[in-house]
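Colleague:
Number of protein chains: 2
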Amino acid sequence: MLKLFEYYWQVRKDWFDWCDLVTEKELLKKRSGGQGSILYTLFHIVDVEYSWISDLQGKKPQKPPFEDCAHVQKLRDFSARCHAEISPFIYAWNSGMETRNLSDQNETGEWESFKYGEIMRHVLAHEIHHIGQLSVWSREIGKQPITANLIRRGLFDI
Amino acid sequence: MLKLFEYYWQVRKDWFDWCDLVTEKELLKKRSGGQGSILYTLFHIVDVEYSWISDLQGKKPQKPPFEDCAHVQKLRDFSARCHAEISPFIYAWNSGMETRNLSDQNETGEWESFKYGEIMRHVLAHEIHHIGQLSVWSREIGKQPITANLIRRGLFDI
Chain A
865 MLKLFEYYWQ VRKDWFDWCD LVTEKELLKK RSGGQGSILY TLFHIVDVEY SWISDLQGKK
925 PQKPPFEDCA HVQKLRDFSA RCHAEISPFI YAWNSGMETR NLSDQNETGE WESFKYGEIM
985 RHVLAHEIHH IGQLSVWSRE IGKQPITANL IRRGLFDI
Chain B
865 MLKLFEYYWQ VRKDWFDWCD LVTEKELLKK RSGGQGSILY TLFHIVDVEY SWISDLQGKK
925 PQKPPFEDCA HVQKLRDFSA RCHAEISPFI YAWNSGMETR NLSDQNETGE WESFKYGEIM
985 RHVLAHEIHH IGQLSVWSRE IGKQPITANL IRRGLFDI
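Chains as they are written, first to last, in my numbering: chain A, 865 to 1022; chain B, 865 to 1022.
1. Could you give the residue range of the beta strand (DSSP E) that holds Phe-978(A)?
2. Mind checking Gly-960(B): buried by the 16 CB within 10 Å criterion, or exposed?
3. Quick one, which residues of the region 993-1011 of chain A are near chain B if we go by CB-CB under 9 Å, in chain order?
4. My assumption, with CB atoms under 8 Å, is that Arg-1017(A) sits in contact with Gly-897(B). Please give the rounded CB distance.
5. For Lys-867(A), collect the residues of the same chain with a Cβ closer than 6 Å to its Cβ; drop the 5 residues on either side in sequence, then sort them by chain order.
6. Quick one: list the residues of chain A neighbouring Lys-896(B), beta-carbon separation under 7 Å, in chain order.
7. Would you kindly report the start and end of the unbroken alpha helix (DSSP H) that includes Ser-915(B)?
8. For Tyr-871(B), decide whether its Cβ has a neighbour in chain A, counting only Cβ atoms nearer than 8 Å.
9. Return the residue from the list Ile-1015(A), Asp-1021(A), Gly-996(A), Gly-922(A) that minimises the CA-CA distance to Thr-905(A).
10. What does a CB cutoff of less than 8 Å around Tyr-872(B) pick up in its chain, not counting 5 residues either side in sequence?
11. Considering only the beta carbon of each residue, do Trp-882(A) and Ile-1010(A) sit closer than 8 Å?
12. Strictly below 9 Å CB to CB, what residues from chain B border Gly-981(A)?
13. Please report the distance separating the alpha-carbon of Cys-933(B) from that of Ser-901(B).
14. Give me the subset of the region 942-968 of chain B whose CB atoms are less than 8 Å from a CB atom of chain A, sorted by chain position.
15. At least one CB of chain B closer than 8 Å to the CB of Ile-917(A): is that the case?
16. To the nearest angstrom, how far is the alpha carbon of His-935(A) from that of Ser-967(B)?
17. So, with DSSP's three-state summary, where would you put Leu-885(A)?
18. With 9 Å as the C-beta to C-beta threshold (strictly closer), list the residues of the region 928-942 of chain B near chain A in chain order.
19. Any idea what DSSP makes of Asp-968(B), helix, strand or coil?
20. Just curious, the alpha helix (DSSP H) that Lys-938(B) is in, first and last residue?
21. Give the straight-line distance between the Cα atoms of Gln-921(A) and Glu-971(A), rounded to the nearest whole angstrom.
22. Can you name, in chain order, every residue of its own chain whose Cβ lies under 8 Å from the Cβ of Gln-1008(B), other than the five neighbours on each side?
23. Enumerate in chain order the residues of its own chain whose CB-to-CB distance from Phe-880(B) is below 8 Å, with the five nearest sequence positions on each side excluded.
24. Name, please, each residue of chain B whose Cβ falls closer than 7 Å to the Cβ of Phe-880(A).
25. Between Phe-978(A) and chain B, is any beta-carbon pair separated by less than 8 Å?
26. For Gln-899(B), I'd like the list of residues in its chain whose CB is within less than 6 Å of its CB, leaving aside the five on either flank, ordered along the chain.
27. Using a Cβ-Cβ cut-off of 7 Å (strictly less than) and excluding sequence neighbours within five positions of Asp-919(B), which residues of its own chain qualify?
28. Drop a sphere of 10 angstroms on the beta-carbon of Tyr-914(B), count the other beta-carbons inside from all chains shown, and report buried for 16 or more, exposed for fewer.
29. Using beta-carbon positions only, say whether Leu-1014(B) and Arg-985(A) come within less than 8 Å of one another.
30. CA-CA distance, Lys-923(B) and Leu-892(A)?
31. Starting from the C-beta of His-947(A), find all residues in its chain whose C-beta is less than 8 Å away, skip the five residues before and the five after it, and write them out in chain order.
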């Protein structure tokens, strides 16, 4: 599972760099589908990863509103802070943690129970799914998207 | 890893059912980004999963041209055939297979070497990425996309 997180972290960094070459207007433009803008989608995937993994760590996440991160560098900073807080947990992941239970209150106030392994995979699928949306929007504004390839990223080099 | 494949197979099936409610014209319409049409994208992710996993099994995949699958039911049939051929390998996956080497000739004729574990994750990221693209196109045509949530799918029920 760690390799998939490492893949996604690389891809996320590449998308931040991609954002440096795009106007703020395009980054914040409301678009069809997903979370509505390129920058908000990137904020959302950082935020959701941070929130769930904080939950698994039994910590209360300290989350800024989007308005405080609505520029590429501020979003990079937020992402770096979240990464520092959650990556030790992900690097320490082992199969014995798969079936631990997390109780979580959903948007309607109901309590739900999830396996830790379920949340880890949910986070991964969520991030990769949203990155797919960014690639469509990238073509809409006439720019080459970041490659989604997991191969040829050096992730499996010794 | 198996749970992520099971997630994706459920999502793929849901998208096939979603296609039943959309006109053929919309399904085949050329769109911006991704593989260019909804139906071709679905064909592509089935095809790429089938090709890579056949490679890992040392088998030569028997692949039809897209034109033979350019209807939802034909694509379902192709997907079912591929699934029958490759799912035993995925269900039999174990950590001892991670570092096996696959030699593969790329589009420019060069030979490349990949770890089996790298290819398995590449396939997963590839499928989820393309599904994210479908969700944007779904909104474009005014339809609710299939949820990308991995939680609440019963994948971790005993």
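Think of the CB as a built atom: it goes at the ideal place given N, C-alpha and C, for glycine as much as any other residue. It should be emphasised that the depicted structure is a prediction, and the values quoted were computed from it without experimental measurement.
Modeller: The relevant details are as follows:
1. 975-979
2. exposed
3. Correct list: His-993, His-994, Ile-995, Gly-996, Gln-997, Leu-998, Ser-999, Val-1000, Trp-1001, Ser-1002, Arg-1003, Glu-1004, Pro-1009.
4. Rounded, the Cβ-Cβ distance is 21 Å, inconsistent with contact.
5. Leu-1019
6. First, the residue type needs correcting, since residue 896(B) is Ser and not Lys in the sequence shown. Simply Val-1000, Arg-1003, Glu-1004.
7. 902-920
8. yes
9. Gly-996(A)
10. Leu-988, Glu-991, Ile-992, Ile-995
11. yes
12. Lys-867, Phe-1020
13. 13 Å
14. none
15. no
16. Our two residues, His-935(A) and Ser-967(B), have alpha carbons roughly 43 Å apart in a direct line.
17. coil
18. Listed by position, the residues of the region 928-942 of chain B near chain A (Cβ gap below 9 Å) amount to none.
19. strand
20. 936-955
21. 20 Å
22. Ser-1002
23. Leu-906, Val-936, Leu-939, Arg-940, Ser-943
24. Result: empty, since nearest Cβ-Cβ is about 18 Å, beyond 7 Å.
25. yes
26. Closer than 6 Å at the Cβ level, and outside the excluded window around Gln-899(B), lie Thr-905, His-908.
27. Leu-966, Asp-968
28. buried
29. Against a cut-off of 8 Å, the Cβ pair of Arg-985(A) and Leu-1014(B) comes out as a contact.
30. 47 Å
31. Trp-873
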